[in-house]
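See below for the structure under consideration.
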Amino acid sequence: MQLNLTNIHYSYAESPHEVLHGVTLSLPTGWTGVVGDNGCGKSTLARIVTGELRPTSGSVGPYGLVSYYCEQDSDRPPAALLDFAAAWDRDAVRLRDALGIGDDWAWRFGELSSGQQKRLQVAVALWSRPDVLVLDEPTNHLDAHTRKAVLLALRSFSGVGILISHDRDLLDALVERCISFEGGEVRVRPGNYSHTFEQRQRETEAAADAQARARREERRLAAERQRRVEAASRADGLRSRRGLDPRDHDAREKIGRAIVSGKDGRATHLATTLDARIKGERDRVQASYVERRYDGNVPSFGERSRRSFIARLPEGTVRYGGIPDAPGVAAPELFLGSADHVGVVGPNGSGKSTLVRALVAAVPKDVPMLYVPQEIGVDAARRACARLQGLAAGEKGQVLSVVAQLNSRPDALLEEGELSPGELRKLVLAEAVLTKPQLLVMDEPTNHLDLHSIEALERLLSEFPGAVVLVSHDARVMRSSCGRIWELLPASGDDFTSGAVVVER
769 MQLNLTNIHY
779 SYAESPHEVL
789 HGVTLSLPTG
799 WTGVVGDNGC
809 GKSTLARIVT
819 GELRPTSGSV
829 GPYGLVSYYC
839 EQDSDRPPAA
849 LLDFAAAWDR
859 DAVRLRDALG
869 IGDDWAWRFG
879 ELSSGQQKRL
889 QVAVALWSRP
899 DVLVLDEPTN
909 HLDAHTRKAV
919 LLALRSFSGV
929 GILISHDRDL
939 LDALVERCIS
949 FEGGEVRVRP
959 GNYSHTFEQR
969 QRETEAAADA
979 QARARREERR
989 LAAERQRRVE
999 AASRADGLRS
1009 RRGLDPRDHD
1019 AREKIGRAIV
1029 SGKDGRATHL
1039 ATTLDARIKG
1049 ERDRVQASYV
1059 ERRYDGNVPS
1069 FGERSRRSFI
1079 ARLPEGTVRY
1089 GGIPDAPGVA
1099 APELFLGSAD
1109 HVGVVGPNGS
1119 GKSTLVRALV
1129 AAVPKDVPML
1139 YVPQEIGVDA
1149 ARRACARLQG
1159 LAAGEKGQVL
1169 SVVAQLNSRP
1179 DALLEEGELS
1189 PGELRKLVLA
1199 EAVLTKPQLL
1209 VMDEPTNHLD
1219 LHSIEALERL
1229 LSEFPGAVVL
1239 VSHDARVMRS
1249 SCGRIWELLP
1259 ASGDDFTSGA
1269 VVVER
(Lines of atoms letter the chains of each structure in order from A and count residues from 1; the text may use other names and numbers.)
(Lines give C-alpha, C1' and ligand atoms only; values in the text may rest on other atoms or scores of the structure.)
Protein backbone atom coordinates (compact mmCIF):
# COMPACT_ATOMS: atom_id res chain seq x y z
CA MET A 1 0.00 0.00 0.00
CA GLN A 2 1.25 3.49 -0.86
CA LEU A 3 -0.21 6.97 -0.41
CA ASN A 4 0.35 9.33 -3.34
CA LEU A 5 0.05 13.11 -3.31
CA THR A 6 0.31 14.71 -6.75
CA ASN A 7 0.94 18.42 -7.35
CA ILE A 8 -0.98 19.57 -4.26
CA HIS A 9 -1.70 23.31 -4.01
CA TYR A 10 -3.59 24.93 -1.15
CA SER A 11 -4.27 28.45 0.08
CA TYR A 12 -6.75 29.68 2.67
CA ALA A 13 -9.47 31.94 1.33
CA GLU A 14 -8.42 34.80 3.63
CA SER A 15 -4.72 34.66 2.62
CA PRO A 16 -3.10 35.67 -0.67
CA HIS A 17 -0.22 33.20 -0.15
CA GLU A 18 -0.21 29.48 -0.89
CA VAL A 19 0.45 27.28 2.13
CA LEU A 20 1.30 24.30 -0.10
CA HIS A 21 2.75 24.73 -3.56
CA GLY A 22 3.10 21.81 -5.94
CA VAL A 23 3.64 19.12 -3.28
CA THR A 24 4.23 15.67 -4.79
CA LEU A 25 4.95 12.76 -2.43
CA SER A 26 4.74 8.96 -2.32
CA LEU A 27 4.57 7.45 1.15
CA PRO A 28 4.78 3.68 1.73
CA THR A 29 3.63 1.72 4.78
CA GLY A 30 5.50 2.51 7.95
CA TRP A 31 5.99 5.78 9.78
CA THR A 32 7.01 9.05 8.14
CA GLY A 33 7.90 12.06 10.27
CA VAL A 34 6.86 15.59 9.33
CA VAL A 35 8.94 18.46 10.72
CA GLY A 36 9.03 22.18 10.13
CA ASP A 37 8.46 25.58 11.69
CA ASN A 38 5.11 26.62 13.15
CA GLY A 39 2.76 27.77 10.42
CA CYS A 40 4.68 26.18 7.55
CA GLY A 41 1.76 23.93 6.54
CA LYS A 42 2.26 20.64 8.42
CA SER A 43 -1.25 20.41 9.83
CA THR A 44 -2.74 21.67 6.56
CA LEU A 45 -0.99 18.83 4.74
CA ALA A 46 -2.29 16.35 7.32
CA ARG A 47 -5.88 17.50 6.90
CA ILE A 48 -5.60 17.25 3.11
CA VAL A 49 -4.21 13.71 3.38
CA THR A 50 -7.16 12.64 5.52
CA GLY A 51 -9.77 14.44 3.45
CA GLU A 52 -10.68 17.09 6.03
CA LEU A 53 -9.56 19.75 3.55
CA ARG A 54 -9.86 19.73 -0.23
CA PRO A 55 -6.74 20.96 -2.04
CA THR A 56 -7.06 23.96 -4.32
CA SER A 57 -5.66 21.67 -6.99
CA GLY A 58 -3.92 18.31 -7.16
CA SER A 59 -4.95 14.85 -6.02
CA VAL A 60 -4.57 12.33 -3.17
CA GLY A 61 -4.79 8.65 -3.96
CA PRO A 62 -5.46 5.87 -4.37
CA TYR A 63 -9.19 6.39 -3.96
CA GLY A 64 -10.92 4.41 -1.22
CA LEU A 65 -8.26 4.46 1.50
CA VAL A 66 -9.64 4.92 5.03
CA SER A 67 -7.85 7.82 6.75
CA TYR A 68 -7.85 9.08 10.33
CA TYR A 69 -6.56 12.43 11.64
CA CYS A 70 -5.70 12.63 15.34
CA GLU A 71 -5.53 16.39 15.89
CA GLN A 72 -3.30 18.48 18.16
CA ASP A 73 -6.01 19.78 20.47
CA SER A 74 -6.83 17.28 23.18
CA ASP A 75 -10.01 18.85 24.56
CA ARG A 76 -12.36 17.65 21.79
CA PRO A 77 -13.51 14.02 22.19
CA PRO A 78 -12.85 11.75 19.20
CA ALA A 79 -15.89 10.89 17.10
CA ALA A 80 -15.56 7.17 17.87
CA LEU A 81 -14.92 7.65 21.60
CA LEU A 82 -18.12 6.00 22.84
CA ASP A 83 -17.74 3.12 20.39
CA PHE A 84 -14.26 2.52 21.83
CA ALA A 85 -15.63 2.73 25.37
CA ALA A 86 -18.22 0.06 24.61
CA ALA A 87 -15.78 -2.22 22.81
CA TRP A 88 -14.20 -5.20 24.53
CA ASP A 89 -12.42 -6.80 21.60
CA ARG A 90 -8.78 -7.79 21.91
CA ASP A 91 -7.42 -4.56 20.38
CA ALA A 92 -9.56 -2.34 22.64
CA VAL A 93 -8.50 -4.18 25.79
CA ARG A 94 -4.84 -4.21 24.70
CA LEU A 95 -4.82 -0.45 24.07
CA ARG A 96 -6.52 0.32 27.39
CA ASP A 97 -3.93 -1.75 29.23
CA ALA A 98 -0.97 -0.39 27.25
CA LEU A 99 -1.92 3.28 27.72
CA GLY A 100 -3.28 2.95 31.27
CA ILE A 101 -6.80 4.03 30.33
CA GLY A 102 -9.49 3.65 32.97
CA ASP A 103 -12.78 1.98 31.99
CA ASP A 104 -14.74 5.09 32.95
CA TRP A 105 -12.52 7.68 31.23
CA ALA A 106 -14.55 7.90 28.04
CA TRP A 107 -17.71 8.70 30.02
CA ARG A 108 -16.10 11.63 31.86
CA PHE A 109 -13.84 12.94 29.12
CA GLY A 110 -14.34 16.60 30.07
CA GLU A 111 -13.09 15.97 33.61
CA LEU A 112 -9.82 14.33 32.53
CA SER A 113 -6.43 16.01 32.47
CA SER A 114 -5.06 16.99 29.06
CA GLY A 115 -2.61 14.08 29.23
CA GLN A 116 -5.40 11.59 29.91
CA GLN A 117 -7.47 13.05 27.07
CA LYS A 118 -4.51 12.72 24.74
CA ARG A 119 -4.08 9.05 25.67
CA LEU A 120 -7.72 8.41 24.80
CA GLN A 121 -7.31 10.23 21.48
CA VAL A 122 -4.37 8.04 20.49
CA ALA A 123 -6.09 4.85 21.65
CA VAL A 124 -9.23 5.55 19.61
CA ALA A 125 -7.13 6.39 16.55
CA LEU A 126 -5.21 3.10 16.72
CA TRP A 127 -8.33 1.06 17.54
CA SER A 128 -10.01 2.43 14.38
CA ARG A 129 -7.31 0.65 12.29
CA PRO A 130 -7.31 3.06 9.31
CA ASP A 131 -5.23 2.58 6.17
CA VAL A 132 -3.66 6.01 6.72
CA LEU A 133 -3.16 7.39 10.23
CA VAL A 134 -1.99 10.96 10.84
CA LEU A 135 -0.98 11.87 14.39
CA ASP A 136 -0.49 15.59 15.10
CA GLU A 137 1.70 16.08 18.19
CA PRO A 138 0.56 12.87 19.95
CA THR A 139 2.90 13.28 22.94
CA ASN A 140 1.72 16.76 23.94
CA HIS A 141 0.82 16.77 27.67
CA LEU A 142 2.25 13.26 28.24
CA ASP A 143 4.73 12.31 30.96
CA ALA A 144 7.83 10.25 30.19
CA HIS A 145 6.28 6.91 31.18
CA THR A 146 3.22 7.46 28.99
CA ARG A 147 5.36 8.60 26.04
CA LYS A 148 7.10 5.24 26.11
CA ALA A 149 3.75 3.46 26.21
CA VAL A 150 2.52 5.50 23.22
CA LEU A 151 5.68 4.63 21.27
CA LEU A 152 5.11 0.90 21.83
CA ALA A 153 1.47 1.22 20.79
CA LEU A 154 2.36 3.12 17.60
CA ARG A 155 4.85 0.45 16.58
CA SER A 156 1.98 -1.99 16.25
CA PHE A 157 0.34 0.07 13.48
CA SER A 158 0.73 -1.59 10.06
CA GLY A 159 -0.62 1.05 7.65
CA VAL A 160 0.75 4.35 6.31
CA GLY A 161 1.60 6.40 9.39
CA ILE A 162 2.35 10.14 9.33
CA LEU A 163 3.75 11.65 12.53
CA ILE A 164 3.83 15.43 13.03
CA SER A 165 5.88 16.07 16.14
CA HIS A 166 8.52 18.14 17.88
CA ASP A 167 9.33 15.14 20.13
CA ARG A 168 12.82 14.26 18.94
CA ASP A 169 13.00 11.03 20.93
CA LEU A 170 9.73 9.77 19.42
CA LEU A 171 10.77 10.72 15.88
CA ASP A 172 14.13 8.98 16.29
CA ALA A 173 12.57 5.81 17.70
CA LEU A 174 9.68 5.49 15.24
CA VAL A 175 10.05 7.04 11.79
CA GLU A 176 11.86 5.66 8.75
CA ARG A 177 11.87 8.88 6.69
CA CYS A 178 11.22 12.57 7.30
CA ILE A 179 9.34 15.22 5.35
CA SER A 180 10.65 18.74 5.98
CA PHE A 181 9.28 22.10 4.90
CA GLU A 182 12.11 24.27 3.57
CA GLY A 183 11.70 27.65 1.92
CA GLY A 184 8.26 26.88 0.55
CA GLU A 185 9.29 23.43 -0.71
CA VAL A 186 8.78 19.95 0.70
CA ARG A 187 11.73 17.54 0.89
CA VAL A 188 11.78 13.84 1.81
CA ARG A 189 14.92 12.26 3.25
CA PRO A 190 15.42 8.67 4.44
CA GLY A 191 16.19 7.96 8.08
CA ASN A 192 14.99 9.11 11.49
CA TYR A 193 14.99 12.71 12.71
CA SER A 194 18.60 12.89 13.91
CA HIS A 195 19.93 11.36 10.68
CA THR A 196 17.91 13.65 8.42
CA PHE A 197 18.69 16.70 10.60
CA GLU A 198 22.42 16.10 10.21
CA GLN A 199 21.99 15.61 6.46
CA ARG A 200 19.97 18.82 6.23
CA GLN A 201 22.63 20.69 8.20
CA ARG A 202 25.32 19.51 5.79
CA GLU A 203 23.19 20.55 2.83
CA THR A 204 22.54 23.96 4.37
CA GLU A 205 26.25 24.50 5.06
CA ALA A 206 27.13 23.46 1.50
CA ALA A 207 24.47 25.80 0.11
CA ALA A 208 25.77 28.67 2.26
CA ASP A 209 29.33 28.03 1.04
CA ALA A 210 28.17 27.89 -2.59
CA GLN A 211 26.18 31.09 -2.11
CA ALA A 212 29.18 32.86 -0.57
CA ARG A 213 31.44 31.72 -3.45
CA ALA A 214 28.88 32.92 -5.99
CA ARG A 215 28.68 36.32 -4.28
CA ARG A 216 32.49 36.67 -4.28
CA GLU A 217 32.68 35.69 -7.96
CA GLU A 218 29.89 38.14 -8.78
CA ARG A 219 31.82 40.97 -7.10
CA ARG A 220 35.06 39.97 -8.84
CA LEU A 221 33.40 39.86 -12.26
CA ALA A 222 31.69 43.20 -11.64
CA ALA A 223 35.05 44.78 -10.82
CA GLU A 224 36.64 43.18 -13.89
CA ARG A 225 33.78 44.40 -16.05
CA GLN A 226 34.23 47.95 -14.77
CA ARG A 227 37.96 47.78 -15.50
CA ARG A 228 37.32 46.62 -19.07
CA VAL A 229 34.61 49.22 -19.67
CA GLU A 230 37.13 51.85 -18.65
CA ALA A 231 39.68 50.24 -20.97
CA ALA A 232 37.19 50.37 -23.84
CA SER A 233 36.47 54.01 -23.04
CA ARG A 234 40.18 54.84 -23.14
CA ALA A 235 40.48 53.04 -26.48
CA ASP A 236 37.61 55.10 -27.85
CA GLY A 237 39.35 58.24 -26.71
CA LEU A 238 42.60 57.08 -28.22
CA ARG A 239 40.88 56.33 -31.51
CA SER A 240 39.40 59.81 -31.78
CA ARG A 241 41.66 62.20 -33.76
CA ARG A 242 39.61 65.22 -32.84
CA GLY A 243 41.60 67.79 -30.95
CA LEU A 244 44.97 66.42 -32.08
CA ASP A 245 47.61 68.72 -33.54
CA PRO A 246 47.76 67.95 -37.29
CA ARG A 247 51.54 67.86 -36.94
CA ASP A 248 51.43 65.20 -34.10
CA HIS A 249 52.20 62.27 -36.37
CA ASP A 250 53.13 59.90 -33.49
CA ALA A 251 49.68 60.14 -31.84
CA ARG A 252 47.86 59.66 -35.14
CA GLU A 253 49.97 56.56 -35.80
CA LYS A 254 49.02 55.04 -32.38
CA ILE A 255 45.31 55.59 -33.03
CA GLY A 256 45.62 53.96 -36.39
CA ARG A 257 47.28 50.90 -34.89
CA ALA A 258 44.47 50.59 -32.28
CA ILE A 259 41.83 50.66 -35.01
CA VAL A 260 43.65 48.16 -37.22
CA SER A 261 44.41 45.75 -34.35
CA GLY A 262 40.86 45.95 -32.93
CA LYS A 263 42.04 46.33 -29.33
CA ASP A 264 39.24 48.75 -28.51
CA GLY A 265 36.65 46.39 -30.00
CA ARG A 266 37.94 43.42 -28.00
CA ALA A 267 37.69 45.40 -24.76
CA THR A 268 34.09 46.28 -25.48
CA HIS A 269 33.27 42.69 -26.43
CA LEU A 270 34.89 41.30 -23.27
CA ALA A 271 32.97 43.76 -21.09
CA THR A 272 29.72 42.70 -22.74
CA THR A 273 30.54 39.01 -22.27
CA LEU A 274 31.12 39.62 -18.54
CA ASP A 275 27.51 40.79 -18.18
CA ALA A 276 26.30 37.29 -18.97
CA ARG A 277 28.74 35.75 -16.48
CA ILE A 278 27.71 38.22 -13.75
CA LYS A 279 24.05 37.38 -14.38
CA GLY A 280 24.88 33.69 -14.10
CA GLU A 281 26.51 34.15 -10.69
CA ARG A 282 23.63 36.33 -9.52
CA ASP A 283 21.17 33.61 -10.55
CA ARG A 284 23.21 31.06 -8.56
CA VAL A 285 22.99 33.28 -5.46
CA GLN A 286 19.22 33.60 -5.82
CA ALA A 287 18.73 29.90 -6.58
CA SER A 288 20.73 28.63 -3.59
CA TYR A 289 18.28 28.41 -0.69
CA VAL A 290 19.91 29.01 2.68
CA GLU A 291 17.60 28.58 5.65
CA ARG A 292 17.04 31.84 7.49
CA ARG A 293 17.00 31.73 11.26
CA TYR A 294 16.60 34.47 13.80
CA ASP A 295 19.04 34.23 16.68
CA GLY A 296 16.27 33.52 19.19
CA ASN A 297 17.35 36.34 21.50
CA VAL A 298 13.95 37.64 22.60
CA PRO A 299 14.01 41.31 23.68
CA SER A 300 14.05 41.64 27.46
CA PHE A 301 10.61 42.17 28.95
CA GLY A 302 8.97 41.80 32.31
CA GLU A 303 10.29 42.98 35.65
CA ARG A 304 10.82 41.84 39.20
CA SER A 305 8.21 42.76 41.77
CA ARG A 306 9.26 44.85 44.75
CA ARG A 307 7.39 42.39 46.99
CA SER A 308 9.41 39.71 48.77
CA PHE A 309 6.69 37.17 47.90
CA ILE A 310 4.05 37.54 45.21
CA ALA A 311 1.94 34.50 46.13
CA ARG A 312 1.21 32.40 49.19
CA LEU A 313 -0.81 29.20 49.16
CA PRO A 314 -1.84 28.17 52.71
CA GLU A 315 -1.41 24.61 53.88
CA GLY A 316 -4.33 22.43 52.88
CA THR A 317 -5.87 20.34 50.11
CA VAL A 318 -6.90 21.67 46.71
CA ARG A 319 -9.74 19.42 45.53
CA TYR A 320 -9.79 17.95 42.04
CA GLY A 321 -12.39 19.76 39.93
CA GLY A 322 -13.29 21.95 42.92
CA ILE A 323 -15.59 19.20 44.22
CA PRO A 324 -15.72 19.34 48.06
CA ASP A 325 -15.56 15.58 48.73
CA ALA A 326 -13.18 14.70 45.89
CA PRO A 327 -9.54 13.78 46.52
CA GLY A 328 -7.04 16.47 45.69
CA VAL A 329 -3.56 17.89 46.08
CA ALA A 330 -2.36 18.15 49.67
CA ALA A 331 0.33 20.80 49.99
CA PRO A 332 2.30 22.42 52.81
CA GLU A 333 2.31 26.20 52.95
CA LEU A 334 3.84 27.33 49.64
CA PHE A 335 5.50 30.68 48.96
CA LEU A 336 6.48 32.11 45.58
CA GLY A 337 9.26 34.68 45.78
CA SER A 338 9.46 37.66 43.39
CA ALA A 339 12.32 36.07 41.43
CA ASP A 340 11.65 32.37 42.04
CA HIS A 341 11.55 30.07 39.04
CA VAL A 342 9.50 27.04 40.11
CA GLY A 343 8.85 23.89 38.12
CA VAL A 344 5.80 21.73 38.88
CA VAL A 345 6.26 18.06 37.96
CA GLY A 346 4.28 14.86 38.29
CA PRO A 347 2.57 12.19 36.19
CA ASN A 348 -0.52 12.84 34.08
CA GLY A 349 -3.61 13.20 36.26
CA SER A 350 -1.65 13.92 39.45
CA GLY A 351 -3.11 17.44 39.81
CA LYS A 352 -0.39 19.77 38.49
CA SER A 353 -2.82 22.07 36.71
CA THR A 354 -5.12 21.98 39.74
CA LEU A 355 -2.27 23.19 41.96
CA VAL A 356 -1.22 25.90 39.52
CA ARG A 357 -4.76 27.27 39.17
CA ALA A 358 -4.99 27.53 42.97
CA LEU A 359 -1.65 29.37 43.06
CA VAL A 360 -2.77 31.77 40.32
CA ALA A 361 -5.95 32.52 42.30
CA ALA A 362 -3.74 33.47 45.27
CA VAL A 363 -1.75 36.10 43.33
CA PRO A 364 -2.75 39.67 44.32
CA LYS A 365 -4.75 41.48 41.67
CA ASP A 366 -2.18 44.27 41.33
CA VAL A 367 0.63 41.88 40.28
CA PRO A 368 0.98 41.93 36.46
CA MET A 369 0.85 38.31 35.33
CA LEU A 370 0.84 36.33 32.10
CA TYR A 371 -0.90 32.95 32.36
CA VAL A 372 -0.63 30.66 29.32
CA PRO A 373 -2.78 27.51 29.80
CA GLN A 374 -2.17 24.14 28.16
CA GLU A 375 -4.65 24.89 25.40
CA ILE A 376 -5.82 28.28 24.14
CA GLY A 377 -9.50 28.18 23.26
CA VAL A 378 -11.03 29.45 20.03
CA ASP A 379 -12.52 32.57 21.64
CA ALA A 380 -9.22 33.46 23.33
CA ALA A 381 -7.44 32.99 20.01
CA ARG A 382 -9.80 35.39 18.25
CA ARG A 383 -9.35 37.98 20.97
CA ALA A 384 -5.55 37.74 20.72
CA CYS A 385 -5.65 38.25 16.94
CA ALA A 386 -8.05 41.19 17.34
CA ARG A 387 -5.77 42.81 19.93
CA LEU A 388 -2.82 42.52 17.55
CA GLN A 389 -4.72 44.13 14.69
CA GLY A 390 -5.80 46.98 16.97
CA LEU A 391 -2.32 47.93 18.21
CA ALA A 392 -0.59 51.14 17.20
CA ALA A 393 2.27 50.73 14.73
CA GLY A 394 5.04 50.99 17.34
CA GLU A 395 3.47 48.49 19.75
CA LYS A 396 2.63 46.12 16.91
CA GLY A 397 6.29 46.24 15.85
CA GLN A 398 7.43 45.31 19.37
CA VAL A 399 5.09 42.30 19.50
CA LEU A 400 6.02 41.10 16.02
CA SER A 401 9.73 41.43 16.84
CA VAL A 402 9.27 38.90 19.67
CA VAL A 403 7.26 36.62 17.36
CA ALA A 404 10.11 36.73 14.82
CA GLN A 405 12.69 35.81 17.45
CA LEU A 406 10.46 32.87 18.42
CA ASN A 407 10.91 31.62 14.84
CA SER A 408 7.66 32.58 13.11
CA ARG A 409 6.93 34.86 10.16
CA PRO A 410 5.44 38.10 11.53
CA ASP A 411 3.56 38.73 8.26
CA ALA A 412 1.65 35.46 8.73
CA LEU A 413 0.05 36.85 11.91
CA LEU A 414 -1.09 39.97 10.07
CA GLU A 415 -2.97 38.02 7.43
CA GLU A 416 -6.56 36.98 7.96
CA GLY A 417 -5.84 33.25 7.65
CA GLU A 418 -5.93 30.59 10.35
CA LEU A 419 -3.09 30.60 12.90
CA SER A 420 -1.48 27.32 13.89
CA PRO A 421 -1.57 26.47 17.64
CA GLY A 422 2.19 27.15 17.80
CA GLU A 423 1.85 30.60 16.21
CA LEU A 424 -0.99 31.42 18.59
CA ARG A 425 1.08 30.53 21.67
CA LYS A 426 3.91 32.73 20.41
CA LEU A 427 1.53 35.65 19.90
CA VAL A 428 0.10 35.35 23.42
CA LEU A 429 3.62 35.21 24.86
CA ALA A 430 4.85 38.10 22.68
CA GLU A 431 2.06 40.38 23.94
CA ALA A 432 3.83 40.38 27.32
CA VAL A 433 6.42 42.76 25.88
CA LEU A 434 3.75 45.46 26.28
CA THR A 435 2.36 44.51 29.71
CA LYS A 436 5.70 43.94 31.52
CA PRO A 437 4.53 41.04 33.72
CA GLN A 438 6.13 40.27 37.06
CA LEU A 439 4.97 36.65 36.93
CA LEU A 440 4.92 34.13 34.08
CA VAL A 441 2.75 31.03 34.55
CA MET A 442 2.99 28.52 31.71
CA ASP A 443 1.32 25.11 31.57
CA GLU A 444 3.15 22.85 29.09
CA PRO A 445 4.69 25.80 27.19
CA THR A 446 6.53 23.64 24.63
CA ASN A 447 3.32 22.06 23.34
CA HIS A 448 2.82 22.88 19.63
CA LEU A 449 6.19 24.67 19.34
CA ASP A 450 8.80 23.75 16.75
CA LEU A 451 12.31 22.86 17.90
CA HIS A 452 13.93 26.24 17.18
CA SER A 453 11.10 27.98 19.06
CA ILE A 454 11.64 25.73 22.09
CA GLU A 455 15.31 26.74 22.21
CA ALA A 456 14.33 30.43 22.10
CA LEU A 457 11.73 29.84 24.83
CA GLU A 458 14.36 28.21 27.05
CA ARG A 459 16.49 31.35 26.87
CA LEU A 460 13.50 33.62 27.53
CA LEU A 461 12.42 31.70 30.64
CA SER A 462 15.92 31.35 32.10
CA GLU A 463 16.58 35.10 31.72
CA PHE A 464 13.16 36.37 32.87
CA PRO A 465 13.78 38.77 35.80
CA GLY A 466 10.50 38.11 37.63
CA ALA A 467 8.87 34.94 38.96
CA VAL A 468 8.14 31.89 36.80
CA VAL A 469 5.83 28.93 37.46
CA LEU A 470 6.31 26.23 34.86
CA VAL A 471 4.45 22.95 34.33
CA SER A 472 6.25 20.78 31.80
CA HIS A 473 7.28 17.24 30.94
CA ASP A 474 10.28 18.60 29.04
CA ALA A 475 13.18 17.84 31.38
CA ARG A 476 15.61 19.99 29.43
CA VAL A 477 13.42 23.09 29.71
CA MET A 478 12.94 22.43 33.42
CA ARG A 479 16.68 22.12 34.03
CA SER A 480 17.50 25.35 32.21
CA SER A 481 14.63 27.45 33.59
CA CYS A 482 13.80 26.39 37.16
CA GLY A 483 15.75 26.60 40.41
CA ARG A 484 13.01 25.04 42.57
CA ILE A 485 10.82 21.99 41.93
CA TRP A 486 7.43 21.11 43.41
CA GLU A 487 6.83 17.41 42.78
CA LEU A 488 3.45 15.73 43.09
CA LEU A 489 3.55 12.18 44.50
CA PRO A 490 0.71 9.73 45.22
CA ALA A 491 -0.94 10.35 48.58
CA SER A 492 -1.05 6.58 49.06
CA GLY A 493 -0.17 3.54 47.00
CA ASP A 494 1.10 3.80 43.44
CA ASP A 495 -1.61 5.91 41.83
CA PHE A 496 -3.45 9.16 42.46
CA THR A 497 -6.93 7.83 43.18
CA SER A 498 -6.51 9.04 46.78
CA GLY A 499 -4.98 12.33 45.72
CA ALA A 500 -1.47 13.75 45.70
CA VAL A 501 1.02 15.35 48.05
CA VAL A 502 3.45 18.14 47.14
CA VAL A 503 7.12 17.70 47.99
CA GLU A 504 9.68 20.44 47.31
CA ARG A 505 13.10 19.45 46.05
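According to my numbering, the sequence shown is numbered sequentially starting from 769. A virtual CB, placed ideally from N, CA and C, is assigned to each residue, including glycine.
Could you give the first and the last residue of the continuous beta strand (DSSP E) run that contains residue i?
i	result
residue 1077	1077–1081
residue 1232	That residue, residue 1232, is in no beta strand (DSSP E); it is neither H nor E in DSSP.
residue 878	Residue 878 -> no beta strand (DSSP E), and no H or E assigned at all.
residue 1187	Careful: residue 1187 lies outside any beta strand (DSSP E) and carries neither H nor E.
residue 946	945–950
residue 802	798–803
residue 1096	1096–1099
residue 833	Neither: residue 833 is in no beta strand (DSSP E) and is coded neither H nor E.
residue 821	Per DSSP, residue 821 belongs to no beta strand (DSSP E) and is neither H nor E.
residue 1140	1137–1140
residue 1071	It is not in any beta strand (DSSP E) - residue 1071 carries neither H nor E in the DSSP assignment.
residue 954	953–958
residue 1277	Because the chain spans 769 through 1273 in this model, residue 1277 falls outside it and cannot be assessed.
residue 806	It is not in any beta strand (DSSP E) - residue 806 carries neither H nor E in the DSSP assignment.
residue 776	770–778
Only counting the same chain, and skipping five residues up and downstream in sequence, which positions put a Cβ closer than 7 Å to that of residue i?
i	result
residue 1248	1226 and 1230
residue 1171	1178, 1181, 1194, 1195 and 1198
residue 1217	806, 934, 1190, 1193 and 1225
residue 853	874 and 875
residue 1079	1104, 1127, 1130 and 1131
residue 892	846, 848, 849 and 852
residue 1260	1266
residue 925	894 and 901
residue 1159	1167
residue 1273	1253 and 1255
residue 940	960, 961 and 962
residue 1136	1203, 1204, 1205 and 1206
residue 1200	1069, 1070 and 1138
Out of the options, point me to the one whose CA is closest to residue i's CA.
i	options	result
residue 835	905, 819 and 827	819
residue 1315	909, 946, 937 and 1267	Here the chain covers residues 769 to 1273 and nothing more, so residue 1315 does not appear.
residue 1252	1241, 1236, 1174 and 1258	1236
residue 1116	897, 850, 1268 and 1223	1268
residue 1146	986, 796 and 844	844
residue 847	869, 857, 890 and 829	890
residue 1271	871, 1158 and 1256	1256
residue 1250	816, 1133, 1099 and 1234	1234
residue 870	1166, 858 and 888	888
residue 946	961, 953 and 936	961
residue 1114	1262, 980, 1090 and 1075	1262
residue 898	914, 840 and 817	817
residue 842	920, 1156, 1144 and 831	1144
residue 825	813, 832 and 833	813
residue 1077	941, 1094, 803 and 1108	1108
residue 771	821, 804 and 829	829
Please look up how many angstroms separate the CB atoms of residue i and residue j, rounded, as I've assumed it's under 8 Å.
i	j	result
residue 788	residue 780	The pair is not a contact, with the Cβ atoms about 11 Å apart (cut-off 8 Å).
residue 1070	residue 1204	6 Å
residue 1123	residue 1110	With 8 Å as the limit, residue 1123 and residue 1110 do not qualify as a contact, their Cβ atoms being about 11 Å apart.
residue 927	residue 769	7 Å
residue 1219	residue 1138	About 23 Å separates the two Cβ atoms, so there is no contact after all.
residue 792	residue 774	6 Å
residue 872	residue 895	Going by Cβ atoms, the distance from residue 872 to residue 895 rounds to 17 Å, so no, they are not a contact pair.
Is the beta carbon of residue i within less than 7 Å of some heavy atom of the ligand ADP?
i	result
residue 1212	The ligand ADP is not part of this structure, which contains no ligands at all.
What residues in its chain sit with their C-beta under 6 Å from that of residue i, if we drop five residues either side in the sequence?
i	result
residue 808	949
residue 1210	1140 and 1238
residue 1102	1081
residue 903	838 and 931
residue 917	866 and 867
residue 1174	1194, 1221 and 1224
residue 1284	Because the chain here runs from 769 to 1273, residue 1284 falls outside it and cannot be looked at.
residue 798	944
Tell me which residues share the same chain as residue i and place their Cβ nearer than 8 Å to its Cβ, disregarding the 5 neighbours each side in the sequence.
i	result
residue 1244	1226
residue 1212	882, 908, 909, 1142, 1239, 1240 and 1241
residue 1149	1187 and 1192
residue 1119	1086, 1088, 1096, 1097, 1256, 1264, 1267 and 1268
residue 959	944, 945, 946 and 967
In the DSSP assignment, the alpha helix (DSSP H) including residue i goes from what residue to what residue?
i	result
residue 825	Here residue 825 belongs to no alpha helix (DSSP H); instead the beta strand (DSSP E) covers 825–829.
residue 1152	1146–1158
residue 858	858–867
residue 1171	1161–1173
residue 815	810–817
residue 1178	1178–1182
residue 851	849–854
Runs of beta strand (DSSP E) lying entirely within the segment 1196–1262, each at least 3 residues, in chain order
The segment 1196–1262 contains these whole beta strand (DSSP E) runs: 1207–1211, 1235–1239 and 1252–1260.
What are the complete beta strand (DSSP E) segments, minimum 3 residues, inside the segment 1103–1131?
As far as the segment 1103–1131 is concerned, its whole beta strand (DSSP E) runs of at least 3 residues are 1109–1113.
In chain order, which beta strand (DSSP E) runs of at least 3 residues are fully inside the segment 871–942?
For secondary structure counted as the beta strand (DSSP E) over 3 or more consecutive residues, the segment 871–942 holds these complete runs in sequence order: 900–904 and 928–932.
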